[in-house]
Amino acid sequence: MEGLESFFTSGQQLQLFLLSCAFGIPIGIVFDIFRVIRMIIHHNKIAAALEDILFFCLYGVFLMCFTISMARSEFRFYYCAGNLIGFILYYVTAGTVVTGILRKIIGFIKRALLRIFRPLLKKFVLICEKIRTIFVGSLQNIKSNKKNSETLLIDDTNLLYNSNKEKKNKRKNVKKLGVQNYKKKTKKGHV
11 MEGLESFFTS GQQLQLFLLS CAFGIPIGIV FDIFRVIRMI IHHNKIAAAL EDILFFCLYG
71 VFLMCFTISM ARSEFRFYYC AGNLIGFILY YVTAGTVVTG ILRKIIGFIK RALLRIFRPL
131 LKKFVLICEK IRTIFVGSLQ NIKSNKKNSE TLLIDDTNLL YNSNKEKKNK RKNVKKLGVQ
191 NYKKKTKKGH V
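Everything in the sequence shown is counted per the working numbering, starting at 11 for the first residue and increasing by one.
Quick look at the structure:
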């Protein structure tokens, strides 16, 4: 009775390497799907980085499934090397052709949709601008009303006709001023 082998023979390793090269092609196809999404919808750097992270996560899941199903859960570096070789072969040959064709198809579809929806888009923009002017005008009215309501009225406790103390002080000042004016006139010799 023969026991389980714990290593791969060189023939099995070659077979796994060639399989990993062949499985580089689906990885290239998934990468082309991400490229097509970037062609359709323009991304900023953050969104592109998130897509790249998602692609590498998908590749990690694929590599784990390949290792579990084909290689008895034994990971070897040449699986990644084979995937990379298969990916590069797809990218250089079929990937450029597929991407070029898809670029032309996407450009045609964008132009057709733009011809169809441009009049509707112009009307939509005009309606939005009218609504915007209405809301901006009403917002400015609300702001000015709020500003006017926040202006304080004169505090009536400090008004002269409401305070008896200030009236008495004012009369004293008048008497003092009258005495001073009298003294000035007497010095000059008018009186």
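Idealized CB from N, CA, C, for every residue including glycine.
Computed from a predicted model, the values in this text were never measured in an experiment.
Asked: Going straight from the alpha carbon of Asn-155 to that of Ser-148, what length do you get?; Found: 10 Å
Asked: Name the two residues that bound the continuous alpha helix (DSSP H) containing Lys-93.; Found: The residue asked about is misnamed: residue 93 is Asn in this sequence, not Lys. Per DSSP, Asn-93 belongs to the alpha helix (DSSP H) from 87-100.
Asked: Let me check understanding here. Comparing Cα to Cα, which of Ala-58, Ile-78, Lys-120 lies closest to Arg-45?; Found: Ala-58
Asked: By alpha-carbon positions, which one of Ile-98, His-53, Leu-26 ends up nearest to Pro-36?; Found: Ile-98
Asked: Go through its chain and collect everything with a Cβ distance to Phe-85's Cβ below 7 Å, but skip five positions before and after it.; Found: Thr-77
Asked: Cα-Cα, which of Leu-26, Lys-133, Lys-157, Thr-109 is closest to Cys-90?; Found: Leu-26
Asked: Distance, Cα to Cα, Leu-60 vs Val-135?; Found: 32 Å
Asked: Kindly provide the ranges of any alpha helix (DSSP H) runs that are 4 or more residues long and lie completely inside the segment 21-89, ordered along the chain.; Found: 34-50, 55-80
Asked: Hey, would you say Gly-70 sits closer than 8 Å to Gly-34, going by beta carbons?; Found: no
Asked: Which residues in the same chain as Cys-31 place their Cβ atom closer than 7 Å to its Cβ, once the five residues preceding and following it in sequence are excluded?; Found: Gly-92, Ile-95, Gly-96
Asked: Just tell me which of Val-102, Ile-51, Ile-115, Leu-28 has its CA closest to the CA of Met-80.; Found: Leu-28
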